[in-house]
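Inspection log for the structure reproduced underneath, given as structure tokens.
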Amino acid sequence: MSTLAIDGGAPVRSAPFPLRRLMGPDEQAALNAMFDRAEADGHGVFGYNGPEEEAYCSDFARSLGGGFADAVNSGTNAVWVALRSLELEPLGEVIVPAVSDPGGVMPVALANQLPVPADCAPGSYNVAADQIAARIGPRTRAIVVAHIAGSPADIDPIVAIASSKGIPVIEDCAQAHGARYKGRPVGTSGDIAVFSTMFGKHHMTGGQGGVVFTRDEARYWAIRRHADRGKPFGIENPTGNVVPALNCNMDELHAAIGRVQLAKLPEVVRRRRAIARSVIDACARDLAAVSVIDEPPQTEASFWFMLIRIDPARLKVDRDAFCAALRAEGIPVSPGYPYIPARSPWATDPRSYAPGLLASARTAPADWPLPNIEATDSVCMQLMFHEDWTQADADDVVAALAKVQAAYLK
Ligand SMILES: Cc1ncc(COP(=O)(O)O)c(C=O)c1O
């Protein structure tokens, strides 16, 4: 057995993994063309709510099979706009995923609603209908469901229970561009879907960005109003701005990047899926104590990252020691996916909530038990990868997993 790198042996991987090259000459050409047009017509400024955004939003909606999209300036603001557009009765509760980026949950508190975290399904980073049902109460105003790591949550039973109670569902697809559930694009099952298009995602509009999507035209106009200072979009004979709202607009330059990027998304997803499939299958075939969380049945995950799970009963070390050994082998893993918003300092700080909201709570956000995700996260590692990885890169991950497993197997 070869000596682990953490014990002084040679690492499986000493060369860096490939850099991501999602943006390049195509995006540059699109922006140059805008500057050329601006130069030609003598109008040297770029605004917002213009032709580039209109084209980007209609391309985006078409990529989801039709509907209405509004481009905004971050995924966090997409969640915010979606929540505000529902015009929820204040001081209620919104069920949120146990695991999500802070930006997927903080807007709930800012919208004067109490975030109520639902646990994940056993062995998963996604919430499921049973766990959500256990949190629904008389003041539940909305449900936010995230498709973590590009793995589709089992959304049909969630939508079924929500619609039986008249509760709207927001699908947070920030990490799941291009994923499919029962053949349908992720984001087309709930009432509203939100996407982040910041630079780390499968599809981006530049450094920051986001999209709010709905299949319902009336809802779309509410989204537009709540994304842009209450301008009376979709209202006949307006007399002024109609709702208090922030300015969450995307601008024309970012929308132009997004149009180019959107055309690349299917290939990005195809390549990510191929890399992930190769690691998942090799682990299933060759490794007894290590696996990768697979895509759930009837779904096509788009794998924003992979979640590697160890079986501690078969190993002499815990997750943290296994992770440290893998890192020493040159593999870009980190322990778990540590975004459990209800366990964050802000969630326990009374100043995070509207006056009276915590006092009226059934249970404070931080006090809801989340045993499933805590158990799952304690044996998992996050492997960041991307579409520019090659088969050789995937093979190195598997070789390192095999090497570390061999050293630590009981
Ligand atoms: C699930 C989820 N929701 C919301 C966000 C917030 O998006 P942004 O970073 O674009 O504000 C992210 C960002 O990673 C996310 O992963």
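In this text, residue positions in the sequence shown follow our numbering: the first is -13, and each later residue adds one.
All C-beta atoms, glycine included, are put in the ideal place defined by N, C-alpha and C.
For the beta strand (DSSP E) that residue i lies in, which residues bound it at each end?
i      : result
Thr126 : Thr126 to Ala132
Asp56  : Phe54 to Val58
Arg295 : Phe291 to Ile296
Gly196 : Gly196 to Thr200
Ile178 : Ile178 to Ser182
Leu369 : Cys366 to Met370
Pro37  : It is not in any beta strand (DSSP E) - Pro37 instead sits in the alpha helix (DSSP H) that spans Pro37 to Ser49.
Ser277 : Val276 to Val278
Check whether the Cβ atoms of residue i and residue j lie closer than 8 Å to each other.
i      : j      : result
Leu72  : Ala128 : yes
Val255 : Gly176 : no
Asp374 : Arg7   : yes
Arg259 : Ile279 : no
Pro123 : Glu79  : First, the amino acid is wrong: residue 123 is Gly here, not Pro. Contact flag set, yes.
Gln368 : Gly316 : no
Val85  : Ile326 : yes
Thr200 : Gly89  : no
Pro351 : Ala333 : yes
Ile153 : Thr126 : yes
Gly244 : Gly195 : yes
Met184 : Ser320 : no
Taking buried to mean at least 16 other C-beta atoms within 10 Å of its own C-beta, is residue i buried or exposed?
i        : result
Val31    : exposed
His29    : exposed
Thr285   : buried
Arg121   : buried
Lys5     : Note that residue 5 is Leu in the sequence shown, not Lys. It counts as exposed.
Pro397   : Residue 397 lies beyond the range of the chain shown here (-13 to 396); nothing can be said about it.
Met190   : buried
Ser346   : exposed
Ile22    : Position check: residue 22 holds Asp in this sequence, whereas Ile was assumed. With fewer than 16 other Cβ atoms within 10 Å, it is exposed.
Asp363   : buried
Asn18    : exposed
Ser(-12) : exposed
Tell me whether residue i sits in a helix, a strand or coil according to DSSP, three-state version.
i      : result
Glu238 : helix
Ala160 : coil
Glu79  : strand
Thr285 : strand
Ser86  : coil
Pro138 : coil
Asp116 : helix
Val102 : strand
Pro351 : helix
Tyr325 : coil
Leu251 : helix
Asp214 : strand
Arg121 : coil
Asp301 : The question names Asp, yet the displayed sequence has Leu at residue 301. Reduced to three states, the DSSP call for Leu301 is strand.
Leu155 : Before going on, a small fix: residue 155 reads as Val here, not Leu. Strand.
Ser264 : helix
Val172 : coil
Val229 : coil
Val246 : helix
Tyr167 : strand
Counting along the chain, where does the alpha helix (DSSP H) carrying residue i start and finish?
i      : result
Gln14  : Pro11 to Asp27
Val94  : Met92 to Leu96
Thr334 : Pro331 to Thr334
Pro357 : Pro357 to Asp363
Ile141 : Ile141 to Ser150
Ala378 : Gln377 to Tyr394
Ser337 : Here residue 337 turns out to be Arg, not Ser, going by the sequence shown. Here Arg337 belongs to no alpha helix (DSSP H), and DSSP marks it neither H nor E.
Val65  : Gly61 to Ser71
Hey, does residue i have any beta-carbon neighbour from chain D nearer than 8 Å?
i      : result
Ile178 : The structure shown contains no chain D; it is built from a single protein chain.
Quiz: which residues have CB nearer than 5 Å to ligand 1 non-hydrogen atoms: Ser60, Gly61, Thr62, Ser86, Asp87, Gly89, Gly90, Ala132, Asp158, Ala160, Gln161, Ser182 and Met184
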